[in-house]
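Data block below; observations after.
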Amino acid sequence: MRIAVICDVLGEANNGTTLAALNLINHLKEKGHHVRVVSPDKSTEGKEGYYVVPTLNLGKYLNGVVAKNGVSLAKADEDVLNKAIEGVDAVHLLTPFTLSKAALRLAKEKGIPVSASFHCQAENITSHVGCMNIPAVNKLIYKGFYKKVFSQCDAVHFPTQFIKDVFKEATGADVNSYVISNGVNDAFFERLPTLEKSEKFTIVCTGRYSKEKSQATLIDAVAASRYKDNMKIVFAGAGPMEAKLRRRAAKKGVDCEFKFFSRDELRQRLQSADLYVHTAVIEIEAIACLEAIVSGLVPVICNSKRSATRYFAIDDCGLYNQGDPVDLCKKIEFFYREPKIKEAYASAYKKKCCAFDQGECMSKMEEMLLTLVKKRV
């Protein structure tokens, strides 16, 4: 199978969309398929199978917002796109943005089937312009996604049933859909040799430092704990809110480490930690939370109605009220005081997550694409 993967965002593996794209690309190549990748990632220039397009200029303010989030957005270049999709069996889009829209139009003109993944919640956009909590604006964005992209695709991949339901409720539309997790990398299922644990009760929180990830709630929760002096937070990630979070932690006297970890470093951190807290209020699928669970940690998850992650919780002990550091503090202190109960929860959670093996998930993505190609033939 020859497939063109269209990536409006691709570069450093510091965001879920890029990681999902790389996982799919690598899997398809390993299975012997010919993959062409179109993206604005200049580091791939000259590499076989990679087609580089310019970066989109959104104006001074929005360019700054995008840059702070450590990504670049692609500008459509029809000459590059035509070369990339000429003769392919299928085109797969990662996000419903400018480059993907142009690729979709050209593919349809050539009679090439198109699939698309749903990797962007409306709130991922509106959170940067002060409209995250305005339902009408978010609904309008979903309708735009549907009209411009998803309504014209032969298949749509949703990482979770949650985001499929959100999209259908906002648009009232049915699409040919596949619910397939992005999966957890095999490495996280493997136990490392015995690791030295910190003297302090260590809480890991993985995710970009941004408004919708709401890490400040965790800092405030630990600050309110009677056990604060024996607790440490490891914020695994990077992002535009780092300076504010550092100042907040320093002001409240909370021991925090801020660092972007490699995969191996993150495995070590997770397997040597005591608890995982997932603070995001907006989330399509929290692979980071799954990585923590299969590493042996119990999660305490924000009970946001706009996040799929809350469905990972076994019971209310694993959930805290959104924006409520007092409630989060109670949940953290419960697991701090009850190590045996925590150990039992860890085993139960790990059993629940066996279905998220990345290899199996990517095989399902491959099957989706093969189905499109067979229909065309």
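What the sequence shown shows, in the working numbering, is residues 150 to 526, in sequence order. From the three backbone atoms N, C-alpha and C, an ideal C-beta is built for every residue, glycine too.
Query	Result
Sequence-distant residues of its chain with Cβ nearer than 6 Å to Asp476 (five each side left out)	Tyr469 and Asn470
Spatial neighbours of Arg118 in its chain, beta-carbon cut-off 6 Å, leaving aside the 5 residues before and after	The first residue shown for the chain is 150 and the last is 526, placing residue 118 beyond what the model contains.
Beta strand (DSSP E) runs contained entirely in the region 308–356, provided each spans 3 or more residues	326–328 and 350–355
Those runs of the beta strand (DSSP E) which lie wholly inside the region 395–472 and span at least 3 residues	405–408, 424–427 and 448–451
Among Ala170, Val443 and Glu515, the one whose alpha carbon lies nearest that of Ala336	Val443
Asp314, buried or exposed, once every other Cβ within 10 Å from all chains shown has been counted against 16	exposed
Phe410 Cβ short of 7 Å to the ligand ATP heavy atom set	Here there are no bound small molecules, and the ligand ATP is not part of this structure.
Those residues which DSSP pairs with Ile382 across a bridge	Ile352 and Cys405
Glu509 to Tyr460 span [Cα, whole Å]	21 Å
Straight-line gap, Ala251 to Ile431 (C-alpha atoms, nearest Å)	28 Å
Residues bridged to Ser266 (per DSSP)	His306
Outcome for Lys400 when other beta-carbon atoms lying within 10 angstroms are tallied against a minimum of 16	exposed
C-beta contact flag for Ala422 and Thr458 at 8 Å	no
Identified DSSP bridge partners for Tyr291	DSSP output for Tyr291 lists no bridge partner at all.
Those residues which DSSP pairs with Val154 across a bridge	Val186 and His241
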